[in-house]
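Taking it in order: structure first as structure tokens, then the write-up.
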Amino acid sequence: MALGILVALLALEFVLRLVLEIRERRATQMHGGVFALLRLVPLLNDIVPLPESRRDVPASAFVEAHERAHRELRHGILRNLLKVILLCFAVGFLLFLLVRCEMPWWCAVLYLHLAAIPFRLFFHWYCWGQEYEADGRAFKSLGKKAAKDAMRELAVSEIFYTPLFALFYREHPTAALRSQKLLNH
Ligand SMILES: [Zn+2]
Numbered sequence: 561m562a563l564g565i566l567v568a569l570l571a572l573e574f575v576l577r578l579v580l581e582i583r584e585r586r587a588t589q590m591h592g593g594v595f596a597l598l599r600l601v602p603l604l605n606d607i608v609p610l611p612e613s614r615r616d617v618p619a620s621a622f623v624e625a626h627e628r629a630h631r632e633l634r635h636g637i638l639r640n641l642l643k644v645i646l647l648c649f650a651v652g653f654l655l656f657l658l659v660r661c662e663m664p665w666w667c668a669v670l671y672l673h674l675a676a677i678p679f680r681l682f683f684h685w686y687c688w689g690q691e692y693e694a695d696g697r698a699f700k701s702l703g704k705k706a707a708k709d710a711m712r713e714l715a716v717s718e719i720f721y722t723p724l725f726a727l728f729y730r731e732h733p734t735a736a737l738r739s740q741k742l743l744n745h
């Protein structure tokens, strides 16, 4: 029974990730390469890296102000704290499956992989909020011109991903989302 549900959920995950990947290829007109295939494989897709930039974002007053805002707002600590909380949940869930449900370990690990997907999206959404907040502070201290220039630089340096795809795989919002947030409020 538990195995049947597991197989069905993994198949569903595979199909949804495939749809996401095809949608992304169409929207960006870029090949995903071997990573795109690896992202379809359960468990492997938890560790496949996502290339984020074509080149380093050049240093600027805006980038410095953004990083300073991260430090002042204690974003790193908060992010790590959330990671620890989520990790505790994961360990608890794993133990529950292994001890209470007496599941074989590979079955429990795959269930954990599936259960972690919405939490991962939540974590990315939380990180995005921090980025917007740091951008907002930098904007306040340096003004619209500096923000606009920085966002343009970022857009050129960054590999383009759609927002939905980025929510699944990135801890940073896309340059397009960041400019929208910054310049349209
Ligand atoms: Zn940042």
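Under the numbering used here, think of the first position of the sequence shown as 561, with each following residue one higher. Ideal Cβ positions, reconstructed from N, Cα and C, are used throughout, including at glycine.
Residue i versus residue j - alpha carbon distance
i, j, result
"residue 682", "residue 690", "13 Å"
"residue 727", "residue 582", "16 Å"
"residue 635", "residue 623", "15 Å"
"residue 661", "residue 611", "39 Å"
"residue 615", "residue 664", "45 Å"
"residue 702", "residue 594", "41 Å"
"residue 573", "residue 621", "42 Å"
"residue 633", "residue 568", "43 Å"
"residue 669", "residue 602", "11 Å"
"residue 599", "residue 637", "29 Å"
"residue 577", "residue 626", "33 Å"
"residue 604", "residue 698", "37 Å"
"residue 678", "residue 570", "14 Å"
"residue 647", "residue 741", "30 Å"
"residue 566", "residue 628", "45 Å"
"residue 738", "residue 700", "15 Å"
Spatial neighbours of residue i in its chain, beta-carbon cut-off 7 Å, leaving aside the 5 residues before and after
i, result
"residue 725", "580 and 584"
"residue 675", "653"
"residue 617", "623, 713, 714 and 717"
Coarse secondary structure for residue i, derived from DSSP in three states
i, result
"residue 718", "strand"
"residue 620", "coil"
Of the listed residues the options, nearest to residue i (C-alpha basis)
i, options, result
"residue 630", "738, 705, 595 and 696", "696"
"residue 736", "730, 571, 588 and 714", "714"
"residue 684", "642, 717, 718 and 672", "642"
"residue 729", "575, 607 and 644", "607"
"residue 721", "678, 589 and 563", "589"
Own chain residues within Cβ distance below 8 Å of residue i, not counting five before or after
i, result
"residue 687", "639, 731 and 732"
"residue 743", "704, 707, 708 and 711"
"residue 657", "663, 667, 668, 671 and 672"
"residue 613", "717, 718 and 719"
8 Å Cβ cutoff, residue i in contact with chain C
i, result
"residue 632", "In the structure shown, chain C does not exist; there is a single protein chain."
Same chain, Cβ closer than 6 Å to residue i, neighbours up to 5 away in sequence not counted
i, result
"residue 693", "none"
"residue 587", "722"
> Taking any heavy atom of ligand 1 as the mark, which residues have a C-beta closer than 6 Å to it, listed down the chain?
Replying inline: 626, 630, 691 and 694
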